[in-house]
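J.: Residue numbers (this note's numbering), protein chains in the order written: chain W, 2 to 269; chain B, 91 to 391.
Glycine residues also receive a C-beta, built at the ideal position from the N, C-alpha and C atoms.
Remember, it's a predicted structure, so these values are computed and weren't measured experimentally.
Take a look at the structure:
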């Protein structure tokens, strides 16, 4: 294992360059993440948080700079080529699962993430059945009895919890969470966050978690970065992070962005 | 009356192969593949050409299947690599196939198979049965074989990836699947089945016609929708059986309607369009305001 699980070296990404809609999303961004480190990412709308995750996962290719995953340069690799090392949960609970397929079929697809898929091996293997059931039972949502249910029939919270499980099922080198609790009701969001904590810690997953919720950003993870205009404006960890409060963070946030925060979603 | 229905049933079995193809593209892949019409005629033309030059009918049928597969490959490449919208990709290949089919049939609009060997005649001779019975046997054999293989394949790792490509391409890409490849593969399999259907249809009717595929996608769709309305789509297996039965029901309904003195052969297309329109409409009437989702299996939300 390399010393750094993830390295971004001077990554710059511009959307629609050379047009009136040109938008600088990431600007010469540097970031190192150690193996097993859990980084929470905050920042205003358009600060480049999701673009950062998209560059890491290969959805967007940067104009310049390099992306290294576990020491390997993956800058030019496409999303599906990086998938074996990256698990991802999106904000939209509909995004992470195939609705037309059953719970166990979805799990079976996640089990072989990034591997070559055979035209002859059965997708849902009997040998995995017990492990799937145990993992589903661990979520505490009663999904273990609904393995043959189409995922489209589940609630948003159930689908998101399942997506989380799928992202970690084949232990990824990197787990990317993009506001994965933002679309859930407060109780379900709490539950999914607890599940996140337990999965990340149990497998010591290197994690990048975007959140709009400053309290979550402080409560969870080992390190916190704040993004502003495509760069990292604040990077705290250890004691400094533990001493940080939502109020102080908010003050820094306003100072960085040069405006008052009116969106109380950030504070909650 | 009974003989009319029997002949309709064997027609339905052969068209069920086309319907399987439409099921793969339209339902599983969520890709309205208009190559279908061209592929039916392409399968028929290829098969007729080979039989008239003396090839074994079984070989000719196999060649037609391969040709269908290639048509699907072309549509898939246009849709994924060239990023041409799905419908347009299919239309382009369908249009191109019209010219190709004319070339294949030596610039004639049809090619007769009178007194030529066909798989139906071969089976009839082998088993000592009439042509009508042979058509039923061959049709049933082809549908059960293709349906079973399809069912088994769609449960494999690759099969799951194809189904997920239709259900949530973004998710399956994040799982490491190249969705361009799965899209192309699904189109190849679908059009192989459709080419096979076209070749058997040409052998059954005794000629191949450049127009024989017109409306094939709608006929396939009719079979899919009628099957699902009548026989349900609780599981993949159930859906496949429903599609095959739907194709037979569709043919029987058309055959019965055509018995009425008012209708003539030219009215077939409008009747087909009416049946598909109604079959797509009825499920909505049953669930007022309900959103009809392009799903098979499971509950609709």
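Please check if any C-beta of chain W sits within less than 9 angstroms of the C-beta of residue 33 (chain B).
T.: Only positions 91 to 391 of chain B appear in this structure, which leaves residue 33 (chain B) out of reach.
J.: Which residue or residues does DSSP assign as beta-bridge partners of residue 15 (chain W)?
T.: Indexing the first chain from 1 puts residue 15 (chain W) at position 14. Paired residues: W:25.
J.: Rounded to whole angstroms, what is the Cα-Cα separation between residue 289 (chain B) and residue 97 (chain B)?
T.: One-based indexing of the second chain puts residue 289 (chain B) at position 199. One-based indexing of the second chain puts residue 97 (chain B) at position 7. Take the alpha-carbon of residue 289 (chain B) and the one of residue 97 (chain B): they are about 18 angstroms apart.
J.: Counting only the same chain and skipping the five closest in sequence on each side, list residues whose C-beta sits under 6 angstroms from that of residue 87 (chain W).
T.: If you number the first chain from 1, residue 87 (chain W) lands on position 86. Contacts found: 58, 173, 175.
J.: What are the start and end residues of each continuous alpha helix (DSSP H) run of 4 or more residues lying completely inside the region 189-251 of chain W, in chain order?
T.: 215-220, 239-244
J.: If distances are taken between C-alpha atoms only, which option among B:284, B:324, B:145, B:199 comes closest to residue 104 (chain B)?
T.: If you number the second chain from 1, residue 104 (chain B) lands on position 14. Out of B:284, B:324, B:145, B:199, B:284 has the C-alpha closest to the C-alpha of residue 104 (chain B).
J.: For residue 52 (chain W), which beta-bridge partners are listed by DSSP?
T.: Residue mapping note: residue 52 (chain W) aligns to position 51 of the first chain, counting from 1. Residue 52 (chain W) pairs with nothing; no bridge assigned.
J.: Let me know if residue 140 (chain W) comes out buried or exposed under the rule of 16 or more other beta-carbons within 10 Å of its beta-carbon.
T.: Numbered from its first residue, the first chain carries residue 140 (chain W) at position 139. The residue is buried, with at least 16 neighbouring Cβ atoms inside 10 Å.
J.: Rounded to whole angstroms, what is the Cα-Cα separation between residue 214 (chain W) and residue 61 (chain W)?
T.: As a working note, residue 214 (chain W) is residue 213 in the first chain. As a working note, residue 61 (chain W) is residue 60 in the first chain. C-alpha separation (whole angstroms): 25 angstroms.
J.: If you measure between the beta carbons of residue 1 (chain W) and residue 180 (chain W), is that distance less than 9 angstroms?
T.: Since the first residue shown for chain W is 2 and the last is 269, residue 1 (chain W) is missing from the structure and cannot be characterised.
J.: Going by beta carbon distance, what residues of the same chain come within less than 8 angstroms of residue 151 (chain B), once the five residues before and after it are set aside?
T.: On the second chain, residue 151 (chain B) is found 61 positions in, with the first residue counted as 1. Same-chain partners within the cutoff: 137, 209, 286, 289, 290, 293.
J.: By the criterion of Cβ-Cβ separation under 7 angstroms, what are the contact partners of residue 261 (chain B) in chain W?
T.: For the purposes of this step, residue 261 (chain B) is taken as residue 171 along the second chain, with counting starting at 1. Here the neighbours are 96, 97, 98, 99.
J.: Assuming residue 178 (chain W) and residue 68 (chain W) are in contact, meaning their beta carbons sit under 8 angstroms apart, how far apart are those beta carbons, in whole angstroms?
T.: Along the first chain, read from residue 1 onward, the residue named residue 178 (chain W) stands at position 177. Along the first chain, read from residue 1 onward, the residue named residue 68 (chain W) stands at position 67. Rounded, the Cβ-Cβ distance is 18 angstroms, inconsistent with contact.
J.: In whole angstroms, what is the alpha-carbon distance linking residue 331 (chain W) and residue 206 (chain W)?
T.: Outside the displayed range of chain W (2 to 269) lies residue 331 (chain W), so it cannot be described from this structure.
J.: Is any beta-carbon of chain B found at less than 9 angstroms from that of residue 75 (chain W)?
T.: By 1-based counting over the first chain, the position of residue 75 (chain W) is 74. No, residue 75 (chain W) lies away from the interface with chain B (no Cβ there is under 9 angstroms from its Cβ).
J.: Using DSSP bridges, identify the partner residues of residue 124 (chain B).
T.: Taking the first residue of the second chain as position 1, residue 124 (chain B) is located at position 34. None, per the DSSP bridge assignment.
J.: Helix or strand or just coil, what does DSSP make of residue 67 (chain W)?
T.: By one-based count along the first chain, residue 67 (chain W) stands at place 66. In the structure shown, residue 67 (chain W) sits in a strand (DSSP, three-state: E or B).
J.: So that I know if they touch, is there some Cβ in chain W lying closer than 9 angstroms to that of residue 110 (chain B)?
T.: Taking the second chain and counting its residues from 1, one reaches residue 110 (chain B) at position 20. With 9 angstroms as the cut-off, residue 110 (chain B) does not count as an interface residue toward chain W.
J.: Less than 9 angstroms separating the beta-carbons of residue 361 (chain B) and residue 94 (chain B)?
T.: Here residue 361 (chain B) refers to the residue found at position 271 when the second chain is read from its first residue. Here residue 94 (chain B) refers to the residue found at position 4 when the second chain is read from its first residue. In this structure, residue 94 (chain B) does not lie closer than 9 angstroms to residue 361 (chain B) by Cβ.
J.: Give the DSSP-derived three-state secondary structure of residue 298 (chain B) in the structure shown.
T.: Translated into the one-based positions of the second chain, residue 298 (chain B) becomes position 208. Collapsing the DSSP output to three states places residue 298 (chain B) in a strand.
J.: Does the pairing of the region 128-138 of chain W with the region 192-201 of chain W give three or more beta-carbon distances under 8 angstroms?
T.: Under the three-pair Cβ rule at 8 angstroms, the region 128-138 of chain W does not count as touching the region 192-201 of chain W.
J.: Can you list, in chain order, the residues of its chain whose CB lies under 7 angstroms from that of residue 251 (chain B), leaving out five sequence neighbours each side?
T.: On the second chain, position 161 is the one that residue 251 (chain B) refers to. Cβ neighbours of residue 251 (chain B) beyond the five flanking positions: 262, 267, 272.
J.: Does residue 156 (chain B) come within less than 9 angstroms of chain W when only Cβ atoms are used?
T.: As a first step, residue 156 (chain B) is located in the second chain; it is residue number 66 there, counting from the start. No, residue 156 (chain B) lies away from the interface with chain W (no Cβ there is under 9 angstroms from its Cβ).
J.: Alpha carbon to alpha carbon, what distance is there between residue 125 (chain W) and residue 161 (chain W)?
T.: In the first chain, residue 161 (chain W) corresponds to position 160, counting from 1. In the first chain, residue 125 (chain W) corresponds to position 124, counting from 1. Distance between the alpha carbons of residue 161 (chain W) and residue 125 (chain W): 21 angstroms.
J.: Can you pull the chain W residues whose beta carbon is under 7 angstroms from the beta carbon of residue 265 (chain B), in chain order?
T.: Here the question's residue 265 (chain B) lines up with position 175 in the second chain. Annotation: Cβ neighbours of residue 265 (chain B) in chain W (cutoff 7 angstroms, chain order): 84, 110, 111, 114.
J.: Listed from N- to C-terminal order along the chain, which residues in the region 114-135 of chain W have their beta-carbon within a distance smaller than 8 angstroms of any beta-carbon of chain B?
T.: Contact residues of the region 114-135 of chain W toward chain B are 114, 115, 116, 118, 119, 120, 121, 122, 123, 124, 125 (C-beta to C-beta distance below 8 angstroms).
J.: Inspect the CB distances between the region 306-316 of chain B and the region 154-161 of chain B and report whether three or more fall short of 8 angstroms.
T.: No: the two stretches stay apart, fewer than three of their Cβ pairs being nearer than 8 angstroms.
J.: Spell out a yes or no on whether the region 92-99 of chain W and the region 146-164 of chain W are touching, meaning 3 or more CB-CB pairs, one atom from each, closer than 8 angstroms.
T.: yes
J.: Looking only at its own chain, which residues have a Cβ that is under 6 angstroms from the Cβ of residue 242 (chain W), when we skip the five neighbours before and after it?
T.: Position 241 of the first chain, counted from the first residue, corresponds to residue 242 (chain W). 225, listed in sequence order.
J.: Quick check on residue 388 (chain B): does DSSP put it in helix, strand or coil?
T.: Taking the second chain and counting its residues from 1, one reaches residue 388 (chain B) at position 298. Note that residue 388 (chain B) scores a pLDDT of 38, beneath 50, so its modelled location is shaky; the value from the coordinates is reported in the next line. If DSSP states are grouped into helix, strand and coil, residue 388 (chain B) belongs with coil.
J.: If we cut at 9 angstroms on Cβ distances, does residue 80 (chain W) have a partner in chain B?
T.: Along the first chain, read from residue 1 onward, the residue named residue 80 (chain W) stands at position 79. Answer yes: the Cβ-Cβ gap between residue 80 (chain W) and chain B drops below 9 angstroms somewhere.
J.: Residues of chain W with CB closer than 7 angstroms to the CB of residue 246 (chain B), please, in chain order.
T.: Counting from one through the second chain, the residue named residue 246 (chain B) turns up at place 156. Within 7 angstroms Cβ-Cβ: 119, 120, 121, 122, 123, 124.
J.: Can you tell me which of the three DSSP states residue 356 (chain B) falls into?
T.: To locate residue 356 (chain B), count along the second chain from 1; it is residue 266. Residue 356 (chain B) falls in the helix class under three-state DSSP.
J.: Quick one: which unbroken beta strand (DSSP E) runs of 3-plus residues sit fully inside the region 92-152 of chain B? Chain order, please.
T.: none
J.: Please compile the residues from chain B whose C-beta is within a distance smaller than 8 angstroms of the C-beta of residue 89 (chain W).
T.: Here residue 89 (chain W) corresponds to residue number 88 of the first chain, with the count starting at 1. In chain order: 264.
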